Amino acid sequence: MNKMCDFDSIVIGGGMIGSSIAFGLAKQDEKVAMIDEGDNALRAARGNFGLIWVQGKGEKNSSYADLTLQSAKKWPRFNNELMALTKIDIGFEQKGGFDFCLNQEEFDERIILLKHIAENSHEQFSYEMFNHEELAKKLPKIGPEVVGASYSSWDGHVNPLLLLRSLHKGFQELGGKLLTHSVSDIKYNDSYFSVQAKNGVINSNKVILAAGFSNQNLAPKIGLKMSLFPQRGQILVTEKIKPFLDYPTGLIRQTNEGGLLLGDSHEDVGFDDGTNLQTMQQIAQRVTTIFPFLRDVKMIRAWGSLRILTDDRLPIYDYSKTCPGAYTVSSHSGVTLAAIHALDIASYIVKDGKLPISLNCFSAERFDD
1 MNKMCDFDSI VIGGGMIGSS IAFGLAKQDE KVAMIDEGDN ALRAARGNFG LIWVQGKGEK
61 NSSYADLTLQ SAKKWPRFNN ELMALTKIDI GFEQKGGFDF CLNQEEFDER IILLKHIAEN
121 SHEQFSYEMF NHEELAKKLP KIGPEVVGAS YSSWDGHVNP LLLLRSLHKG FQELGGKLLT
181 HSVSDIKYND SYFSVQAKNG VINSNKVILA AGFSNQNLAP KIGLKMSLFP QRGQILVTEK
241 IKPFLDYPTG LIRQTNEGGL LLGDSHEDVG FDDGTNLQTM QQIAQRVTTI FPFLRDVKMI
301 RAWGSLRILT DDRLPIYDYS KTCPGAYTVS SHSGVTLAAI HALDIASYIV KDGKLPISLN
361 CFSAERFDD
């Protein structure tokens, strides 16, 4: 470590992505600081559905399909490491998941989509299609209007808030330093970085930007580019009911405590992270079509949060050519990719000093045209 530096690495951003990378860096015996803005941040993690989701990912980019599947495969090991270190049960289950189709057109389109992904997958993505009768054997309470569903054995879910808590605790158990500050500036000093935080300047050999929308302001200071926009999703939460759903789905999942999370809305409303009745009604209508008995279940709360998206909906993995040691990561799949961020990406940063060739297609330079 440079004698001018306080840390080997500074991770800016303490959400799902930042904390998973910081955790992985601390595992490599790095002296790491994670700077988190705290409750003032537009934190995507608080609205995360908690899915580890493979099916449907990477239709137009086989590298993204492979990345997603690789991470899903690493999740059992990742969960075991977190549990052993923190003793926090994050509710990890990986029994597979369903994505429902309410008419024949949706069903046929789903077949075409998943067949295309499977054909292009270097990691041999696998899936099944269930018609109504087959699906009803797995999910007896399914409604008559459900034509069928797709299924992938790689899909699963966790409690996202417990995952975030576990990552923060594990990071600190490994010797990481958590700082609750906002970052206003970063400077490159030929061989190290100076990060201007609220309470002073912190120096490090490496800087990893994982600060969500704040990446856009900070990235240009260290020779990186970023192009992001917000998309709102709304989540509805019901009262606790008797367990009936053993599998996560793209629209509804049942927590260990018995409550239901309902969601999967997509709204372009800028940075408004509120809720509206029309969208909540649309979510409720589709959910009760899939499971009619839920019409009698009470909704107890709802909230909105912002996904962090790029124009092509793919993640950004990039490193600076002009300021060696600076990296940026941005993705809307923070839970799914948490395992590969902690177990692989952090290792590349420490051991290789750059990201692998397989991630070159995710450079922000793809938006230059």
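Using full-length UniProt numbering, read the sequence shown as starting at 1 and increasing by one per residue. Every residue, glycine too, gets a C-beta built ideally from N, C-alpha and C. Here the structure is a predicted model, which is why all the values come from computation and not from measurement.
Just to confirm my understanding: we take N131, look at its own chain, exclude 5 residues before and 5 after, and list those with CB closer than 6 Å. What are they?
Counting from one through the sequence shown, the residue named residue 131 turns up at place 131. So the qualifying residues of the chain are G148.
For V146 and F291, I'd like the C-alpha separation in whole angstroms.
Translated into positions along the sequence shown, residue 146 becomes position 146. Translated into positions along the sequence shown, residue 291 becomes position 291. So the two alpha carbons sit approximately 9 Å from each other.
Just tell me which of L309, P356 and S150 has its CA closest to the CA of Q216.
In the sequence shown, residue 216 corresponds to position 216, counting from 1. Nearest C-alpha to Q216: L309.
If distances are taken between C-alpha atoms only, which option among L218, L314, L164 and F193 comes closest to S184?
For the purposes of this step, residue 184 is identified with residue 184 of the sequence shown, where counting begins at 1. With distances taken between Cα atoms, S184 lies closest to L218.
Residue from G175, M34, E109 and G325 with nearest C-alpha to D99
Within the sequence shown, residue 99 is the residue found at index 99, counting from 1. Looking at the Cα atoms, E109 is the closest of the given residues.
I222 and I186: beta carbons closer than 8 Å?
Stepping through the sequence shown from its first residue, residue 222 is reached at position 222. Stepping through the sequence shown from its first residue, residue 186 is reached at position 186. Result yes, Cβ atoms of I222 and I186 sit closer than 8 Å.
Should Y188 and S204 be called a contact, given that it needs their Cβ atoms to be closer than 8 Å?
The residue labelled residue 188 in the question sits at position 188 within the sequence shown. The residue labelled residue 204 in the question sits at position 204 within the sequence shown. Taking 8 Å as the Cβ cut-off, Y188 and S204 do not qualify as a contacting pair.
Write down every uninterrupted run of the beta strand (DSSP E) in the stretch 86 to 170 whose length is 3 residues or greater and which is fully enclosed by it, in chain order.
97 to 101, 128 to 131 and 148 to 152
Mind checking whether R232 and L306 have CB atoms under 8 Å apart?
One-based indexing of the sequence shown puts residue 232 at position 232. One-based indexing of the sequence shown puts residue 306 at position 306. Result yes, Cβ atoms of R232 and L306 sit closer than 8 Å.
Host beta strand (DSSP E) of N205 (start-end):
Against the sequence shown, residue 205 aligns to sequence position 205. Per DSSP, N205 belongs to the beta strand (DSSP E) from G200 to L209.
Sort out for me which residues DSSP pairs W303 with in a bridge.
If you number the sequence shown from 1, residue 303 lands on position 303. BP columns for W303 point to I235.
Note the first and the last residue of the continuous beta strand (DSSP E) segment covering V183.
Your numbering for residue 183 matches position 183 in the sequence shown. For V183, the uninterrupted beta strand (DSSP E) segment begins and ends at V183 to Y188.
Just to check my reading of the structure: G14 and L209 have Cβ atoms closer than 8 Å, yes? What is that Cβ distance to the nearest angstrom?
Sequence index remark: in the sequence shown, residue 14 carries index 14 (1-based). Sequence index remark: in the sequence shown, residue 209 carries index 209 (1-based). Between L209 and G14 the Cβ distance is about 12 Å, and since that is not below 8 Å, they are no contact.
Please determine, among S63, Q70 and K60, the residue with the shortest C-alpha to C-alpha distance to L337.
Within the sequence shown, numbered from 1, the residue matching residue 337 stands at position 337. The option with the nearest alpha carbon to L337 is Q70.
Quick check on the DSSP output: the alpha helix (DSSP H) that includes S214 runs from which residue to which?
Looking up residue 214 in the sequence shown gives position 214. Taken as a continuous stretch (DSSP letters only), S214 belongs to no alpha helix (DSSP H), as it is neither H nor E.
Name the residue from T86, E93, K60 and K87 whose alpha carbon lies nearest to the alpha carbon of K74.
Stepping through the sequence shown from its first residue, residue 74 is reached at position 74. Per the Cα distances, E93.
K177 lies in the beta strand (DSSP E); which residues open and close that run?
Position 177 of the sequence shown, counted from the start, is the residue given in the question as residue 177. Counting along the chain, the beta strand (DSSP E) containing K177 begins and ends at K177 to T180.
How should G176 be labelled, buried or exposed, when 16 other C-beta atoms within 10 angstroms of its C-beta is the threshold for buried?
Counting from 1 along the sequence shown, the entry for residue 176 is found at position 176. That one is buried.
Distance between G304 and N276 (C-alpha atoms, nearest Å):
Here residue 276 corresponds to residue number 276 of the sequence shown, with the count starting at 1. Here residue 304 corresponds to residue number 304 of the sequence shown, with the count starting at 1. Using only the alpha carbons, I get a separation of about 9 Å.
If I follow the unbroken alpha helix (DSSP H) through I222, where does it start and stop?
As a first step, residue 222 must be located in the sequence shown, where it is residue number 222. Looking at the DSSP string, I222 is not in any alpha helix (DSSP H), and its letter there is neither H nor E.
Residues in its own chain within less than 8 Å of K354 by CB, not counting five upstream and five downstream?
Stepping through the sequence shown from its first residue, residue 354 is reached at position 354. So the list reads Y319 and Y348, once near-sequence residues are dropped.
Continuous alpha helix (DSSP H) stretch holding T289: start and end
Your numbering for residue 289 matches position 289 in the sequence shown. That run of the alpha helix (DSSP H) goes L277 to I290.
Beta-ladder partner(s) of E267, from DSSP:
As a working note, residue 267 is residue 267 in the sequence shown. Beta-bridge pairing links E267 to R232.
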